[in-house]
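K.L.:
In my numbering, the protein residues as written are 3 to 480.
1. Residue 458 lies in the alpha helix (DSSP H); which residues open and close that run?
2. From residue 441 to residue 434, what distance separates their C-alpha atoms?
3. Per DSSP, what kind of secondary structure is residue 25 in: helix, strand or coil?
4. Measuring only the C-alpha atoms, how far is residue 462 from residue 395?
5. In this structure, how does DSSP classify residue 166 when only helix, strand and coil are distinguished?
6. Pull up the DSSP beta-bridge partners for residue 405, would you.
7. Where does residue 77 fall in DSSP's three states?
8. How would you call residue 287, buried or exposed, if buried means at least 16 neighbouring beta carbons within 10 angstroms?
9. Closer than 8 angstroms is the cut-off here; do at least three beta carbon pairs connect the stretch 355-365 with the stretch 205-220?
10. Mind checking which residues open and close the alpha helix (DSSP H) that includes residue 427?
11. Suppose the cutoff is 6 angstroms on Cβ atoms and the five residues either side in sequence are ignored; what does the same chain contact list for residue 97 look like?
12. Just to confirm, is the Cβ distance from residue 166 to residue 102 under 8 angstroms?
13. Considering only residues of the stretch 310-392, which uninterrupted beta strand (DSSP E) runs meet the minimum length of 3 residues and lie entirely inside it, listed in chain order?
14. Please check the pair residue 209 and residue 405, which I expect to be a contact at CB under 8 angstroms, by giving their CB distance rounded to whole angstroms.
15. Which first and last residues belong to the alpha helix (DSSP H) in which residue 268 is found?
16. Determine the direct distance from the alpha carbon of residue 335 to that of residue 252, and round the result to whole angstroms.
17. Could you check whether residue 149 and residue 72 sit closer than 8 angstroms to each other, using their CB atoms as the reference points?
18. Keeping to the same chain, check which residues put their C-beta closer than 6 angstroms to that of residue 378; ignore five residues upstream and five downstream.
19. Just verifying my parser: in three-state terms, what is the DSSP assignment at residue 39?
20. How is residue 96 classed by DSSP in three states: helix, strand or coil?
21. Does the distance from the CB of residue 126 to the CB of residue 45 come in under 8 angstroms?
22. Rank 263, 56, 173, 290 by C-alpha distance to the C-alpha of residue 301 and give the top, closest one.
23. When the Cα atoms are used, what is the spatial distance from residue 233 to residue 321?
24. Using 10 angstroms around the beta-carbon of residue 388, count the other beta-carbons present and answer buried if the total reaches 16, otherwise exposed.
25. On the three-state DSSP scale, how would you describe residue 230?
26. Between residue 141 and residue 427, which are expected to be in contact by the criterion C-beta below 8 angstroms, what is the C-beta distance as a whole number of angstroms?
27. Would you say the beta carbon of residue 292 is closer than 7 angstroms to some non-hydrogen atom of the ligand ATP?
28. Using the DSSP secondary-structure output, state which residues sit across from residue 179 in a beta bridge.
29. Whose C-beta lies closer than 6 angstroms to the C-beta of residue 65 among residues of the same chain, with five residues either side of it excluded?
30. Which value, in whole angstroms, describes the spacing of the CA atoms of residue 313 and residue 206?
31. Are there three or more Cβ pairs, one per stretch, closer than 8 angstroms when the stretch 329-346 is compared with the stretch 223-231?
32. Using a Cβ distance threshold of 8 angstroms, determine whether the stretch 412-423 contacts the stretch 365-372, with at least three qualifying pairs required.
33. Would you grab the beta carbon distance between residue 43 and residue 34 for me? Rounded to a whole angstrom, and I think it's under 8 angstroms.
34. For the putative contact between residue 1 and residue 385, defined by C-beta atoms under 8 angstroms, what is the C-beta separation to the nearest angstrom?
35. Taking the alpha helix (DSSP H) that residue 151 falls in, what are its first and last residues?
36. Starting from the C-beta of residue 465, find all residues in its chain whose C-beta is less than 7 angstroms away, skip the five residues before and the five after it, and write them out in chain order.
Below is the structure:
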């Protein structure tokens with residue numbers, strides 16, 4: 003069952019990754035592969051005309067060169083423009099697993115103070131620096147290296163394994179949805195799906211010294227709203243009170259002062275229960291009895307800062323503003339874009355109604371895109387226990403625990419065909435590293451990367467051989 007080790011276990015898997023070097027220079031081959039792919043700027047954009055398709059073409063060519071066994075022995079289906087869907091036939095098709103990653107990255111802010119070239123993939127202070135090392139080329143290369151090494155050993159997984167690599171995750175594109183449709187058309191109902199998300203998080207909670215292996219069992223919904231005010235506009239030399247920009251500013255402040263109600267969902271309660279034995283003595287009673295002390299825990303999370311407060315409620319972030327096209331012209335229309343992260347238990351409709359009440363009359367609220375929170379995947383389940391045992395095997399100092407993921411991933415689309423969708427990147431990350439995602443100085447430790455390869459390899463070897471069908475029907479039949 004989960005946790006059994008083959009081929010010498012997790013420690014030997016890490017040794018395999020370290021032994022394979024290039025030109026005898028001591029650099030693990032897998033690290034050089036990650037460097038090569040980070041150096042290709044696969045920046046995605048909502049505007050197809052702004053996408054450097056040549057960079058994506060180079061990436062796929064390089065991926066095939068670096069992982070020849072994966073491309074020769076697995077069945078490959080191209081998805082959308084540059085997405086990939088591999089099938090690795092196992093000894094059984096009863097409970098297939100899907101491992102996910104994406105090859106696109108967010109743009110680099112030219113004014114951000116990167117310490118190293120964001121597309122240089124330099125190794126400095128024991129880390130690989132560059133855009134995509136954490137989000138999400140590190141996972142992609144670690145998965146591919148684990149599969150490549152197992153293929154080289156002649157290993158056959160107990161169940162079919164699918165590798166779904168998206169190409170437009172960062173812009174909430176269509177590749178993942180098309181991959182789901184491809185699997186649905188083939189009659190594939192995954193036993194579990196694993197995408198990026200949590201990590202072996204160091205400095206995860208004040209006072210908790212042990213790293214926490216947080217596995218996302220759900221994720222917040224992502225909704226984009228536009229606030230708009232209109233007026234006559236005119237010459238800047240004769241301003242009138244209550245113009246579009248003033249009314250928009252008032253609406254933004256009203257929204258900031260009207261947060262959604264806060265609460266603690268069940269995955270967060272379980273997260274704190276599991277962290278309790280590792281917390282300071284004063285906090286242990288609160289955390290251990292989180293289910294019975296939810297109001298107290300909610301207030302504590304709200305007081306601890308923005309990151310923990312976001313664990314308790316739907317959040318609003320005003321991200322874009324527009325008004326007059328010239329300095330001497332009063333705007334006739336002012337707009338604000340609002341990025342909403344919808345908490346588990348809330349709905350998009352309820353959130354929109356809350357925003358309309360908060361901003362008041364005279365402000366038009368338009369929904370530009372919407373996504374409900376993902377269903378909560380089970381924790382008391384063989385699939386989650388497999389992830390727990392694999393975390394324990396490779397990261398024995400970590401506390402495996404579920405959590406609500408606040409960012410969005412491609413995996414949200416897979417909930418249409420699978421009830422066990424999890425989100426976890428098997429890398430040790432400090433708080434500073436987590437803050438570098440979508441920011442500057444993104445980097446992944448070399449040792450952490452090698453541990454990640456070992457984790458995926460251990461997971462693949464630990465897939466159980468049972469062939470009994472799932473006990474519940476697929477989600478669309480419920």
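Virtual Cβ for every residue (Gly too), placed ideally from N, Cα, C.
Bear in mind that the values here come from a model prediction, so they are computed numbers and not experimental data.
P.N.:
Taking the structure as given:
1. Element bounds for residue 458: 448-463.
2. 11 angstroms
3. Low per-residue confidence applies at residue 25: pLDDT is 38, beneath 50, and the placement is therefore not dependable enough to give any value.
4. 13 angstroms
5. strand
6. 218
7. strand
8. exposed
9. no
10. Here residue 427 belongs to no alpha helix (DSSP H); instead the beta strand (DSSP E) covers 423-431.
11. 161, 193
12. yes
13. 317-324, 335-344, 366-371
14. Going by Cβ atoms, the distance from residue 209 to residue 405 rounds to 17 angstroms, so no, they are not a contact pair.
15. 268-277
16. In a straight line, the C-alpha of residue 252 is about 15 angstroms away from that of residue 335.
17. yes
18. Excluding sequence neighbours, residue 378 sits near 219, 220.
19. helix
20. strand
21. In this structure, residue 126 sits away from residue 45, with a CB-CB distance that is not shorter than 8 angstroms.
22. When each option's Cα is compared against that of residue 301, the closest is 263.
23. 22 angstroms
24. buried
25. strand
26. 5 angstroms
27. With respect to the ligand ATP, the structure shown offers nothing to examine, as it has no ligands at all.
28. For residue 179, which the question treats as bridged, DSSP gives no partner whatsoever.
29. none
30. 13 angstroms
31. yes
32. no
33. Not confirmed; about 18 angstroms, so no contact.
34. In this structure the chain extends from 3 to 480, so residue 1 is not present and cannot be described.
35. 139-154
36. 99, 159, 160, 161
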